[in-house]
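Sequences listed follow chains A and B, in order. Following the numbering used here, the numbering of the first sequence begins with 6 at its first residue and continues without gaps. Following the numbering used here, the numbering of the second sequence begins with 210 at its first residue and continues without gaps. Following: one structure in structure tokens, then a few remarks.
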Amino acid sequence: DAGITQSPRHKVTETGTPVTLRCHQTENHRYMYWYRQDPGHGLRLIHYSYGVKDTDKGEVSDGYSVSRSKTEDFLLTLESATSSQTSVYFCAISERGGGPTTGELFFGEGSRLTVL
Amino acid sequence: GESVGLHLPTLSVQEGDNSIINCAYSNSASDYFIWYKQESGKGPQFIIDIRSNMDKRQGQRVTVLLNKTVKHLSLQIAATQPGDSAVYFCAEKGGTYKYIFGTGTRLKVLA
């Protein structure tokens, strides 16, 4: 299994509070992603990173920000959580740094966030 | 717009039978496809992938078929086992970073 660790795995918070989810990888992959998964929807991209301090928006980025200060860590922040952000969040990684391009995308175990 | 869809939301198969899960994609520029298995409460697990220069790829008990003419992808699972019960979904990749995912098919294995 790819070395991807998400924390926390479960969190309950109240509307208006800030929340940060962490993704840590030990695979030296260049690309890191944050997705959300909701019933009736496929995985939807929130933000992604193509290198340290290099990030870009995905299709559902409103209300979220990210940071990547080290190759191995990618943080997702909800500045002021809303009930619509209740979801399961998955981190994913691809493209081993310095290695051949493969396209394989590997996921973490997910972080379940409930916003009351 | 771009979409990756599945024909059946739920597929029930008898233990020991073969399973076929289908996926349609609309982006003819996509050049890489992945099948994932997702068990309840877990993250998607990479099963098998295929590039657009191939029509078929086999793994352990799984085969992926790609028909670029009709933009169709299928996952075949041989001798389906209870442990195969999960949601399966496909993904397509058409650029450097962008993956598009289907909503998934739930596979139920009947004893």
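Glycine included, every Cβ here is placed at the ideal spot set by N, Cα and C.
> Just by C-beta distance, which residues in the region 237 to 270 of chain B are closer than 7 Å to chain A?
Replying inline: So the list reads Tyr241, Ile243, Lys251, Gly252, Pro253, Phe255, Asp258, given in the order they occur along the chain.
> If you drop the 5 nearest sequence neighbours on each side, which residues of the same chain put their C-beta closer than 8 Å to that of Arg73 of chain A?
Replying inline: Here the set comprises Met37, Ser54, Gly56, Val57, Lys58, Asp59, Thr60, Phe79, Leu80.
> Is Leu48 of chain A close to chain B, meaning its C-beta is less than 8 Å from at least one C-beta of that chain?
Replying inline: Proximity of Leu48 of chain A to chain B, defined by a Cβ-Cβ separation below 8 Å, is satisfied.
> Closer than 9 Å, Cβ to any Cβ of chain A: which residues of the region 295 to 310 of chain B, in chain order?
Replying inline: Here the close residues are Phe298, Ala300, Lys302, Thr305, Tyr306, Lys307, Tyr308, Ile309, Phe310.
> What are the uninterrupted segments assigned as beta strand (DSSP E) that are 3 or more residues long and contained completely in the region 231 to 305 of chain B, given in chain order?
Replying inline: Scanning the region 231 to 305 of chain B for uninterrupted beta strand (DSSP E) segments of 3 residues or longer gives 241 to 247, 254 to 260, 265 to 267, 271 to 276, 281 to 286, 295 to 302, listed from N- to C-terminal end.
> Do Val120 of chain A and Arg41 of chain A have their C-beta atoms within less than 8 Å of each other?
Replying inline: No, they are not a contact pair.
> So, does the CB of Leu110 of chain A fall closer than 8 Å to a CB anywhere in chain B?
Replying inline: Taking Cβ atoms only, chain B reaches closer than 8 Å to Leu110 of chain A, which makes this a yes.
>> For a test of the three-state rule: what should DSSP assign to Ser89 of chain A, helix, strand or coil?
In response: In the structure shown, Ser89 of chain A sits in a helix (DSSP, three-state: H, G or I).
>> Measuring only the C-alpha atoms, how far is Val318 of chain B from Lys75 of chain A?
In response: Going by the C-alpha atoms only, they are around 43 Å apart.
> So, using beta-carbon positions, are Thr271 of chain B and Ile256 of chain B closer together than 8 Å?
Replying inline: Note that residue 271 of chain B is Val in the sequence shown here, rather than Thr. At the C-beta level, Val271 of chain B and Ile256 of chain B come within 8 Å of one another.
> Which residue from A:Arg14, A:Glu19, A:Glu64, A:Asp67 puts its Cα closest to that of Ser88 of chain A?
Replying inline: Ranking the options by Cα distance to Ser88 of chain A, first place goes to A:Glu19.
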